[in-house]
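Enquirer: Per the numbering used here, the very first residue in the sequence shown carries number 2; after that it's consecutive.
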Amino acid sequence: MEHKPLNRHALGNPHRLWKQNNFVLSTFSVNCSNMRDGLENLADAGFNMVELGWVSHEHAEEALQLCEELDLKLLYQDFTLFGGMQEHHIERHSSPAEIRAVVDHVRPYKTCAGFYAWDEPYRPEETAETRRLLDLFQAESPERMPFSVAIPSYNLLYRWDNGLFQDYLTRFCDQVDPPVLSLDYYPFGMADVYTDEKQLDDSLMWCDLGLMRALCARRKLPLWFYYQGVNLYKYSHFEFPMVRVSMYAAAMYGAKGLQQYTAVGSVIDKDGQKDLFFDDQKQIHREFAKLGNTLMALHSEYVFHSDDLLPGCPYLDGLSDVLSCSKVLTGKLEPRVSVGELADDYGNTYLLPLNRDITLDRTVTLQLQKPMRIYLVSKETGRQQLLCEATENLALELTKGDGALLRVQDAAEQPFTLEYRLEK
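#1: Going by CA-CA distance only, name the one from PRO312, CYS314, VAL329, VAL304 that's closest to VAL323.
#2: Report buried or exposed for HIS4, applying the criterion of at least 16 other Cβ atoms within 10 angstroms of its Cβ.
#3: Is ASN163 buried or exposed, if buried means 16 or more other CB atoms sit within 10 Å of its CB?
#4: Which one or two residues does DSSP pair with MET373 in a beta bridge?
#5: Between HIS60 and the rest of its own chain, which residues show a CB-CB distance below 7 angstroms, the 5 nearest in sequence each way excluded?
#6: Helix, strand or coil for PHE427 per DSSP?
#7: What do you get for ARG363, buried or exposed, if any count of 16 or more other CB atoms within 10 angstroms of its CB means buried?
#8: Pick out whichever of PRO372, ALA218, LEU216, ALA405 has its Cα sitting closest to the Cα of GLN386.
#9: From LEU205 to LEU369, what distance separates their C-alpha atoms?
#10: Determine, using beta-carbon pairs with one atom in the stretch 12-20 and one in the stretch 144-153, whether at least three such pairs fall under 8 angstroms.
#11: Give, in chain order, every unbroken run of the beta strand (DSSP E) that is at least 3 residues long and sits entirely within the stretch 126-153.
#12: What did DSSP end up calling MET253 once you bin it into helix, strand or coil?
#13: Between the alpha carbons of PHE289 and LEU75, how many angstroms are there, rounded?
#14: Keeping to the same chain, check which residues put their C-beta closer than 7 angstroms to that of GLU381; ignore five residues upstream and five downstream.
#15: With three or more C-beta pairs closer than 8 angstroms as the rule, is the stretch 214-232 touching the stretch 246-255?
#16: Name the DSSP beta bridge partners of ALA344, please?
#17: Distance check for LEU134 and ALA98, CA to CA, integer angstroms please.
#18: I'd like the list of long-range same chain contacts for PRO179, defined as Cβ closer than 6 angstroms, with 5 residues on each side in sequence excluded.
#19: Only counting the same chain, and skipping five residues up and downstream in sequence, which positions put a Cβ closer than 7 angstroms to that of GLY13?
#20: I need the DSSP call for GLN200, collapsed to helix, strand or coil.
#21: How would you label ARG9, buried or exposed, when you count the other beta carbons within 10 angstroms and need 16 or more for buried?
#22: In this structure, does DSSP put GLY404 in helix, strand or coil?
#23: Counting Cβ pairs, one atom from each stretch, are 3 or more of them under 8 angstroms apart for the stretch 233-241 and the stretch 190-200?
#24: Mind checking whether PHE48 and ALA264 have CB atoms under 9 angstroms apart?
#25: Is ASP318 buried or exposed, if buried means 16 or more other CB atoms sit within 10 Å of its CB?
#26: Just the Cα atoms here: how many angstroms apart are HIS300 and VAL329?
#27: Would you give the residue range spanned by the alpha helix (DSSP H) that TYR169 belongs to?
#28: Below 8 angstroms on the Cβ atoms is my guess for TYR421 versus ASN232; work out the distance and round it to an integer in Å.
#29: Near MET248, which residues of its chain fall below 8 angstroms by C-beta distance, leaving aside the five closest residues on each side in sequence?
#30: Do you know whose CA, among LEU165, LEU388, GLU127, ASP272, lies nearest HIS90's CA?
#31: Within a Cβ cutoff of 6 angstroms, which residues of the same chain sit near VAL338, ignoring the five residues on either side of it in sequence?
#32: Can you check which of these residues, ASN394, ASP175, ARG172, CYS33, is closest to ALA64 by C-alpha distance?
#33: How long is the line joining the alpha carbons of SER325 and LEU334, rounded to whole angstroms?
#34: Pull up the distance between the alpha-carbon of ASN349 and that of GLU88, whole angstroms please.
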């Protein structure tokens with residue numbers, strides 16, 4: 002069988018200098034008492050980047066040195082020197098000289114990947130200050146990413162139910178002009194929204210992801226997503242399939258970065274030791290480390306959901322697609338099944354089906370428009386494996402909250418496998 006190596010390209014906002022070369026697996030916080038143990042365990046768990054959400058100045062300095070030693074990328078944050086969160090520190094306006102001093106301080110550290118300028122700016126004065134900081138960091142250190150994350154639709158001011166969230170996220174992109182569009186959404190156990198019976202069927206997370214996808218396509222921004230890793234709302238239970246479904250849901254929408262909120266309390270404990278989800282997180286990071294090279298080469302074309310997701314919800318209009326738009330699928334999706342249809346720059350089509358059910362392992366069947374050859378992108382090797390020669394009914398075994406990455410090809414064409422290589 003012919004094997005085709007194809008070039009893929011670094012991604013990024015056309016207005017920004019920084020570009021993304023590889024899939025990101027990050028965590029918001031390493032706020033633990035033993036920074037060395039914490040960072041060593043996070044590296045062992047497969048995170049390829051860490052962030053310094055809310056750590057002390059002393060721990061930020063320690064993390065700079067330890068990440069260099071561990072060859073672990075660091076998104077640098079230190080509230081004592083610059084930046085802020087929402088309305089906090091908005092009165093501070095770091096001068097160009099102060100930002101230059103921060104950049105000069107971290108310049109010797111090769112693993113410092115960027116600067117976390119502001120956490121969830123949402124009022125106009127906060128987004129304006131974030132833009133100013135991003136521009137200053139870019140001017141002083143163009144090789145590093147100036148970063149900020151938007152606030153989700155369950156904030157107090159800009160929501161779907163008051164009609165203001167779409168305007169907010171659009172304004173965030175326009176005013177901040179971020180190098181990536183990152184958003185957080187933590188649905189599990191959210192009061193009056195999440196129940197075991199409904200799971201994520203009624204969650205507006207899908208609307209947030211749909212709007213992100215549309216804005217990223219329009220502005221050529223990589224999509225990054227903060228997924229829930231801990232039991233934030235003291236719900237009766239929190240299991241790893243809840244984490245898994247969030248990660249694969251974001252990938253289905255074309256995500257190029259998965260950021261966990263938060264590894265402390267799930268992957269490591271407050272003292273930096275291995276915690277409840279360490280082994281599960283390490284395994285799923287192995288999967289995304291292998292899938293990531295292919296995911297970096299793909300863009301989202303369509304996202305389809307079964308009819309039981311947000312039935313009749315007006316906010317989802319235009320933010321998901323009808324199956325008749327698909328190039329390869331037909332029929333009707335089974336309950337709690339979603340499918341992302343993605344493509345590379347060479348016209349090759351991929352499917353990322355998702356079992357949204359976090360309680361059941363299932364056989365998911367997809368109906369195809371004509372006989373198709375199916376290749377599985379292996380979670381063990383990253384290589385494409387021929388799954389079936391010609392089928393119109395594709396059956397997949399998917400565990401709770403799991404997804405799979407498949408390439409589809411007209412069965413009448415000559416078979417070939419693909420791999421992607423980053424163009425230097």
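Glycine included, C-beta positions come from ideal geometry on N, C-alpha and C. All values reported here derive from a predicted model rather than from experimental measurement.
Expert: The structure says:
#1: Residue numbering aside, residue 323 sits at position 322 when the sequence shown is read from its first letter. Checked all of PRO312, CYS314, VAL329, VAL304; the closest Cα to VAL323 is VAL304.
#2: Counting from 1 along the sequence shown, the entry for residue 4 is found at position 3. Classification of HIS4: exposed, given that the 10 Å Cβ count is below 16.
#3: Along the sequence shown, read from residue 1 onward, the residue named residue 163 stands at position 162. ASN163 is exposed by the Cβ-count criterion.
#4: Within the sequence shown, residue 373 is the residue found at index 372, counting from 1. The partner list for MET373 (beta bridge, DSSP) reads THR392, ASP411.
#5: On the sequence shown, position 59 is the one that residue 60 refers to. Correct list, in chain order: MET36.
#6: Nothing can be reported for residue 427, as the shown portion of the chain is limited to 2 through 425.
#7: Translated into positions along the sequence shown, residue 363 becomes position 362. Buried, because 16 or more other Cβ atoms sit within 10 Å of the Cβ of ARG363.
#8: The residue labelled residue 386 in the question sits at position 385 within the sequence shown. Per the Cα distances, ALA405.
#9: The residue labelled residue 205 in the question sits at position 204 within the sequence shown. The residue labelled residue 369 in the question sits at position 368 within the sequence shown. Roughly 29 angstroms separates the two Cα atoms.
#10: yes
#11: 146-150
#12: As a position in the sequence shown, residue 253 is number 252, starting the count at 1. MET253 falls in the helix class under three-state DSSP.
#13: Looking up residue 289 in the sequence shown gives position 288. Looking up residue 75 in the sequence shown gives position 74. Rounded to whole angstroms, PHE289 to LEU75 spans 19 angstroms at the Cα level.
#14: One-based indexing of the sequence shown puts residue 381 at position 380. Taken in chain order, the residues that qualify are LYS291.
#15: yes
#16: Taking the first residue of the sequence shown as 1, we reach residue 344 at position 343. In DSSP, ALA344 forms a bridge with HIS300, THR350.
#17: Locating residue 98 in the sequence shown gives position 97, counting from the first residue. Locating residue 134 in the sequence shown gives position 133, counting from the first residue. When rounded, the distance between both Cα atoms is 12 angstroms.
#18: As a working note, residue 179 is residue 178 in the sequence shown. Cβ neighbours of PRO179 beyond the five flanking positions: SER149.
#19: Here residue 13 refers to the residue found at position 12 of the sequence shown. Excluding residues within five positions, the ones whose Cβ falls inside 7 angstroms are TRP19, LYS20, GLN21, PRO180, PRO223.
#20: Here residue 200 refers to the residue found at position 199 of the sequence shown. The answer is strand: DSSP assigns GLN200 an E or B state.
#21: On the sequence shown, residue 9 is found 8 positions in, with the first residue counted as 1. By the neighbour-count rule (16 or more Cβ atoms within 10 Å), ARG9 is buried.
#22: As a position in the sequence shown, residue 404 is number 403, starting the count at 1. Reduced to three states, the DSSP call for GLY404 is strand.
#23: yes
#24: The residue labelled residue 48 in the question sits at position 47 within the sequence shown. The residue labelled residue 264 in the question sits at position 263 within the sequence shown. Taking 9 angstroms as the Cβ cut-off, PHE48 and ALA264 qualify as a contacting pair.
#25: For the purposes of this step, residue 318 is taken as residue 317 along the sequence shown, with counting starting at 1. The residue in question, ASP318, is exposed, as its Cβ has fewer than 16 Cβ neighbours within 10 Å.
#26: Within the sequence shown, the letter at position 299 stands for residue 300. Within the sequence shown, the letter at position 328 stands for residue 329. Spanning the two alpha carbons is a distance of roughly 16 angstroms.
#27: Walking along the sequence shown from the start, residue 169 turns up at place 168. Taken as a continuous stretch (DSSP letters only), the alpha helix (DSSP H) holding TYR169 covers 166-177.
#28: Counting from 1 along the sequence shown, the entry for residue 421 is found at position 420. Counting from 1 along the sequence shown, the entry for residue 232 is found at position 231. About 37 angstroms separates the two Cβ atoms, so there is no contact after all.
#29: Sequence index remark: in the sequence shown, residue 248 carries index 247 (1-based). Within the same chain, MET248 has close Cβ partners TYR228, LEU259, ILE285, PHE289.
#30: Taking the sequence shown and counting its residues from 1, one reaches residue 90 at position 89. Measuring from the Cα of HIS90, the nearest candidate turns out to be GLU127.
#31: The sequence position of residue 338 within the sequence shown is 337, counting from 1. Excluding residues within five positions, the ones whose Cβ falls inside 6 angstroms are SER307, VAL365.
#32: Working through the sequence shown from its first residue, we reach residue 64 at position 63. Checked all of ASN394, ASP175, ARG172, CYS33; the closest Cα to ALA64 is CYS33.
#33: By 1-based counting over the sequence shown, the position of residue 325 is 324. By 1-based counting over the sequence shown, the position of residue 334 is 333. Taking the straight line from one Cα to the other gives about 12 angstroms.
#34: Counting from 1 along the sequence shown, the entry for residue 349 is found at position 348. Counting from 1 along the sequence shown, the entry for residue 88 is found at position 87. Looking at the two C-alpha atoms, the distance is approximately 45 angstroms.
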